[in-house]
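Visitor: In the numbering used here, the protein residues as written are 209 to 744.
Here it is, the structure in full.
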């Protein structure tokens, strides 16, 4: 157990050197790190919101709007399925939290109900026996067909919307030039955004505040919004307000000609004639074909550009636009045009988000946290060193050296994987020091026990490492499982603690049975008296 082959010694030393090189940028000034040779590691461990300061936003999903959008989507799908595909004359209307379908010919009701089942989707887990449909389709006593969203369907739609919203938020935040932000889901309808280092949240809130759902719509060629209000808008048409205060509304076809999902790029710019800020956009191949066909058949007619259900512009088509690109003009400021371009490039949010909670952590508070954490770590480490040297003498010094390399490896690994250090993470580091020493204490006590049983020093040391190995692995394995569960189910500070703890457990087992054992082995090989130094 005490014998180390040459390749084992080399591999241990190489591992420790790599750990030192990975951790080194964290103790050097940023300017010094930037001047290091390119072959050396440059990544520094990122500081969390509680250490660096920054912005904390808790966003709430508008579940009422999400349900309303779902009902409108179901209504459009039902109309397309019956009227366009199956050629069944019917009216489809939203009434409360359900959709009512009235079929013109009673003999086609059964056929209509069969066709409408095509819009159903399965939800849940069939293996677990929890599968079902996202909507229930039933026939009412008066002969109408009722489409009712199920709670399971809404929960799945809410979960999908949260996942898509997190992806979109990350893309928008990354446009501000940082990769340190954290976007995680909290509960069923909340999203937590943490942005370390950010002091002014105004631009962040503006970028996250808009759904940025862009679409291009046909303007009704003959009926005005006033005429539609006096009577009733034609089926498939809707009155949209203008974004500009006091401007008249527009009567537009609800189904867009091209949607924002078909945009391939959006960049801020300036109009060459007026010099005002504009947004230059381009469509993907499918969107370009749709837009080209529409502009070819609607020359000298207006079309509307709608952003979040408000018309921002309604230019007249002067000639066919076949290149798949165009320009959005409006009452934009330079910053507003840039923010909107970011929102359009990152895609529309699937649901409206409102700020439920906002906090800003100042850098002074973060510095105080770092100072307090550093002081706690120093006091804890000093106490551990004093105890180990007092209790185990030279072997205690070996244990302290192993703990030092243990901390170096933790910092190096966290820097390598891009982990963020938080205040609970510092607590995890301090706890890891105690756990690392605990492993060495267990080994040394086993050695003492073997010596009391009459074994020679070398045999006692060898047996002590062997017998302690299984116990240390078992105890650390249970703690590792708890750390992984905390990382899986926790968020924010809990995850920061779990990351440090889990990495620390792995490095503790490595250093206790390689670094400590290597130091003891080298001491045994070099000393000639072959006795264990006091107090062992």
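All C-beta atoms, glycine included, are put in the ideal place defined by N, C-alpha and C.
1) Could you check where the alpha helix (DSSP H) with residue 219 kicks off and where it finishes?
2) Considering only DSSP beta bridges, list what residue 534 is partnered with.
3) Since I believe residue 635 is in contact with residue 398 (beta carbons under 8 Å), could you give me their beta-carbon distance rounded to a whole number of angstroms?
4) Taking one C-beta from the segment 432-449 and one from the segment 306-313 each time, how about it: are there three or more such pairs within less than 8 Å?
5) Specify the secondary structure class of residue 328 as computed by DSSP and reduced to three states.
6) Just to confirm my understanding: we take residue 525, look at its own chain, exclude 5 residues before and 5 after, and list those with CB closer than 8 Å. What are they?
7) Starting from residue 657, trace the alpha helix (DSSP H) both ways and give me its first and last residue.
8) What residue range is occupied by the uninterrupted beta strand (DSSP E) comprising residue 752?
9) What is the DSSP secondary structure of residue 733, counted as helix, strand or coil?
10) Report, in whole angstroms, the separation of the C-beta atoms of residue 560 and residue 270, which I expect to be a contact under 8 Å.
11) Give the straight-line distance between the Cα atoms of residue 232 and residue 626, rounded to the nearest whole angstrom.
12) Is residue 633 closer than 8 Å to residue 227 when the C-beta atoms are compared?
13) Below 8 Å on the Cβ atoms is my contact criterion, and I expect residue 483 with residue 556 to pass it. Report the Cβ-Cβ distance as a whole number of Å.
14) Report the rounded CA-to-CA distance for residue 338 versus residue 298, giving the unit in angstroms.
15) Are the CB atoms of residue 426 and residue 465 within a distance shorter than 8 Å?
16) Just to confirm, is the Cβ distance from residue 647 to residue 549 under 8 Å?
17) Can you list, in chain order, the residues of its chain with a C-beta nearer than 8 Å to that of residue 623? Leave out the 5 residues immediately preceding and following it.
18) Whole-angstrom Cβ separation of residue 488 and residue 480, contact assumed at under 8 Å?
19) For a test of the three-state rule: what should DSSP assign to residue 442, helix, strand or coil?
20) Report the partner residues of residue 514 according to the DSSP bridge assignment.
21) Could you spell out where the beta strand (DSSP E) holding residue 250 opens and where it closes?
22) In its own chain, which residues sit with a C-beta less than 6 Å from the C-beta of residue 348, not counting the 5 before and 5 after it?
23) Taking all protein chains shown into account, do 16 or more other C-beta atoms lie within 10 angstroms of the C-beta of residue 594, making it buried, or fewer, making it exposed?
24) Considering only the alpha carbon of each residue, which of 220, 603, 373 lies closest to residue 731?
25) So is residue 365 buried or exposed if we call it buried at 16+ other beta carbons inside 10 Å?
26) Looking at the structure shown, is residue 262 part of a helix, part of a strand, or coil, going by DSSP?
27) In terms of alpha-carbon separation, which member of 639, 500, 343 lies closest to residue 324?
28) Can you tell me the Cα-Cα spacing of residue 567 and residue 689, whole angstroms?
29) Who are residue 476's beta bridge partners in DSSP?
30) Report the partner residues of residue 268 according to the DSSP bridge assignment.
31) Could you spell out the range, first to last residue, of the alpha helix (DSSP H) harbouring residue 703?
32) What does the alpha-carbon distance come out to for the pair residue 360 and residue 276?
33) What whole-angstrom Cβ distance do residue 416 and residue 267 have, given they're in contact under 8 Å?
34) In its own chain, which residues sit with a C-beta less than 7 Å from the C-beta of residue 387, not counting the 5 before and 5 after it?
35) Out of curiosity, what's the CA-to-CA distance linking residue 304 and residue 278?
36) Between 576, 718, 675, which lies nearest to residue 640 when the distance is taken from Cα to Cα?
Guide: Working from what's here:
1) Judged by DSSP secondary structure, residue 219 falls within the alpha helix (DSSP H) whose first and last residues are 214-231.
2) Residue pairing by DSSP places residue 534 opposite 489 in a beta bridge.
3) Cβ atoms of residue 398 and residue 635 stay farther apart than 8 Å, at about 26 Å.
4) Three or more Cβ pairs closer than 8 Å define a contact, and the segment 432-449 falls short of that threshold against the segment 306-313.
5) Here DSSP, grouped into helix, strand and coil, assigns residue 328 to coil.
6) Taken in chain order, the residues that qualify are 503, 506, 507, 508, 509, 510, 511.
7) Boundaries of the alpha helix (DSSP H) around residue 657: 631-660.
8) Since the first residue shown for the chain is 209 and the last is 744, residue 752 is missing from the structure and cannot be characterised.
9) Residue state for residue 733 is assigned as helix, using DSSP reduced to three classes.
10) With a contact defined as Cβ atoms closer than 8 Å, residue 560 and residue 270 qualify at about 4 Å.
11) About 15 Å.
12) In this structure, the beta-carbon distance from residue 227 to residue 633 does not fall below 8 Å.
13) About 29 Å; that fails the 8 Å criterion.
14) A caution first: residue 338 carries a pLDDT of 47, below 50, which makes its placement in the model unreliable, though a value can still be read off. Distance from the CA of residue 338 to the CA of residue 298, rounded to the nearest whole angstrom, comes to 34 Å.
15) Contact flag set, yes.
16) Not a contact, by the Cβ cut-off of 8 Å.
17) Within the same chain, residue 623 has close Cβ partners 230, 231, 233, 234, 249, 251, 252, 253.
18) Going by Cβ atoms, the distance from residue 488 to residue 480 rounds to 11 Å, so no, they are not a contact pair.
19) The answer is coil: DSSP assigns residue 442 none of H, G, I, E or B.
20) Among the bridge pairs identified by DSSP, residue 514 is matched with 423, 519.
21) Following the DSSP letters along the chain, one finds residue 250 in no beta strand (DSSP E), marked with neither H nor E.
22) Cβ contact annotation for residue 348 (same chain, cutoff 6 Å, sequence separation greater than five): 354, in chain order.
23) Exposed: under 16 other Cβ atoms inside 10 Å.
24) The option with the nearest alpha carbon to residue 731 is 603.
25) Buried, since its Cβ has 16 or more Cβ neighbours within 10 Å.
26) Residue 262: strand per DSSP, three-state reduction.
27) Closest by alpha carbon: 343.
28) Spanning the two alpha carbons is a distance of roughly 33 Å.
29) DSSP, once it has assigned bridges, lists 487 as partnering residue 476.
30) 398, 562.
31) Residue 703 -> alpha helix (DSSP H) spans 701-718.
32) Going from the Cα of residue 360 to the Cα of residue 276 covers about 16 Å.
33) So it is a contact: roughly 7 Å between Cβ atoms.
34) Because the pLDDT at residue 387 is just 49, under 50, the model does not fix this residue reliably, and the point stays unresolved.
35) Their backbone Cα atoms lie some 13 Å apart in a straight line.
36) The shortest C-alpha separation from residue 640 is found at 718.
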